[in-house]
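Asks: Just so we're aligned, residue 14 is where the sequence shown starts under our numbering, counting upward by one.
Cβ atoms here follow ideal geometry from the backbone N, Cα and C, with glycine treated the same way.
Structure in structure tokens, see below.
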Amino acid sequence: MGAARYNEIADDLLRRIDEGEWQAGETLPQMAKLAKHYDASRNVVARAVGKLAQEGRLVSVPRRGTVVRPMHRKTVMRTDLVRRNTRHMKDGREFAAGYSFPAAMGNELWVHHVEPEVGEVPIEDARFAHMLNVPVGAAVMTRVRVTGPEGEPAFQISTTWIHPRISAEVPEVAEPLGTGPGAWVDAIEAAGHGPLEWLERRRVRMPTARETKLLLIPAGLPVWEIARISYSAKDEKAVDVTQVVIPGDRMEEVSRLRRDESALWPHAAAGPDGRPVAPAG
Numbered sequence: 014m015g016a017a018r019y020n021e022i023a024d025d026l027l028r029r030i031d032e033g034e035w036q037a038g039e040t041l042p043q044m045a046k047l048a049k050h051y052d053a054s055r056n057v058v059a060r061a062v063g064k065l066a067q068e069g070r071l072v073s074v075p076r077r078g079t080v081v082r083p084m085h086r087k088t089v090m091r092t093d094l095v096r097r098n099t100r101h102m103k104d105g106r107e108f109a110a111g112y113s114f115p116a117a118m119g120n121e122l123w124v125h126h127v128e129p130e131v132g133e134v135p136i137e138d139a140r141f142a143h144m145l146n147v148p149v150g151a152a153v154m155t156r157v158r159v160t161g162p163e164g165e166p167a168f169q170i171s172t173t174w175i176h177p178r179i180s181a182e183v184p185e186v187a188e189p190l191g192t193g194p195g196a197w198v199d200a201i202e203a204a205g206h207g208p209l210e211w212l213e214r215r216r217v218r219m220p221t222a223r224e225t226k227l228l229l230i231p232a233g234l235p236v237w238e239i240a241r242i243s244y245s246a247k248d249e250k251a252v253d254v255t256q257v258v259i260p261g262d263r264m265e266e267v268s269r270l271r272r273d274e275s276a277l278w279p280h281a282a283a284g285p286d287g288r289p290v291a292p293a294g
């Protein structure tokens, strides 16, 4: 009987969502109110909500509640190609500024899901302080952006820490959108550090509570963390470090494999360990 009841409630909640009673991104009533509406215990309603969460229709967001997830969300296949960014608009016309890094390929205009944060704050993460080559706790110019396609949950959280020598030399890095979206990177290159070179380190980890809230994802969904280091052509030192956090179900990484010298074709008769055990051919 209990199983049948929570399935009935789950089906009815799904019907109400599909009929538009709650739009994507909106929060369901509190569990107690749903229990009263359905004349059921909170445990039964929680099982119904949990079922829809497993199916990807709902997500529990810390300090917010149960939120409706959208049916359609952009996913990308991520390569290693960096393009000039031409997605920006100024006075009704497209213009190029900055770069389109692999997670944001295409000419699709992305929006800020929260106001960009720019300011000088201490860098507390030892891992990123080491990449930037500054002491933990050093005050550095920090840029935080939460972006993605319009009408969807945020696709990524980008946090950039800029080396103090660069922020002192290039004041444009302190502007909320630079001299246009992404153009603060142009200003760094124009100051003599171009062309910048980039190195990325990627790993998968569990999200923080803040990340689940901003990205509208379950706490149990892993995220990609991409650490991108920009290097100056002038002194080959780190210019900035950017952390990009993307939900694990919104990105696939595609890599072209390269042959090591030992794997070149046609194969050599002998390798570094001597002749092969099996006869050639």
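DSSP on Gln43, reduced to helix/strand/coil?
Replies: coil
Asks: Spatial neighbours of Arg263 within its chain, please: CB distance less than 6 Å, with the 5 preceding and 5 following residues excluded, ordered by chain position.
Replies: Thr88
Asks: If you run the structure through DSSP and keep just helix, strand and coil, what is Pro52?
Replies: The displayed chain sequence assigns Asp, not Pro, to residue 52. Asp52: coil per DSSP, three-state reduction.
Asks: Report the rounded CA-to-CA distance for Val254 versus Ser243, giving the unit in angstroms.
Replies: Straight-line Cα distance between these residues: approximately 6 Å.
Asks: Where Ala276 and Arg269 are concerned, what is the direct C-alpha to C-alpha distance, given to the nearest angstrom?
Replies: 15 Å
Asks: Nearest CA to the CA of Glu39: which residue from Ser73, Val58 and Val159?
Replies: Ser73
Asks: With C-beta atoms as the reference, is Val131 less than 7 Å away from Arg156?
Replies: yes
Asks: What does Pro260 pair with, by DSSP beta-bridge criteria?
Replies: Val236
Asks: Taking the Cβ atom as the reference point for each residue, do Gly161 and Trp197 lie within a distance shorter than 7 Å?
Replies: no
Asks: What number of angstroms, rounded off, separates the C-alpha of Glu32 from the C-alpha of Leu71?
Replies: Straight-line Cα distance between these residues: approximately 15 Å.
Asks: Around the Cβ of Gly174, are there at least 16 other Cβ atoms within 10 angstroms (buried) or fewer (exposed)?
Replies: Contrary to the premise, residue 174 reads as Trp rather than Gly in this sequence. Trp174 comes out buried.
Asks: Within 10 angstroms of its Cβ, does Val2 collect 16 or more other Cβ (buried), or is it exposed?
Replies: Residue coverage of the chain in this structure runs from 14 to 294, which leaves residue 2 outside it and unanswerable.
Asks: Please identify the residue among Glu188, Gln169 and Ala151 whose C-alpha is closest to the C-alpha of Arg178.
Replies: Ala151
Asks: Name the residue from Trp278, Thr221 and Thr92 whose alpha carbon lies nearest to the alpha carbon of Glu265.
Replies: Thr92
Asks: DSSP on Val198, reduced to helix/strand/coil?
Replies: Residue state, collapsed to three classes: helix.
Asks: Take His125 as the anchor and find which of Leu190, Gly63, Ala110 and Val149 has the nearest alpha-carbon.
Replies: His125 has its Cα closest to that of Leu190, out of Leu190, Gly63, Ala110 and Val149.
Asks: Alpha carbon to alpha carbon, how far is Val57 from Arg18? Give it in angstroms, no decimals.
Replies: 7 Å
Asks: Are the beta-carbon atoms belonging to Thr166 and Leu234 less than 7 Å from one another?
Replies: Inspection of the sequence shows that residue 166 is occupied by Pro rather than by Thr. No; because the gap between Cβ atoms is not below 7 Å, this pair is not in contact.
Asks: Using 7 Å as the threshold, is the C-beta distance between Val81 and Ile22 below it?
Replies: no
Asks: Over what stretch of residues does the beta strand (DSSP E) that includes His125 continue unbroken?
Replies: Trp123 to His125
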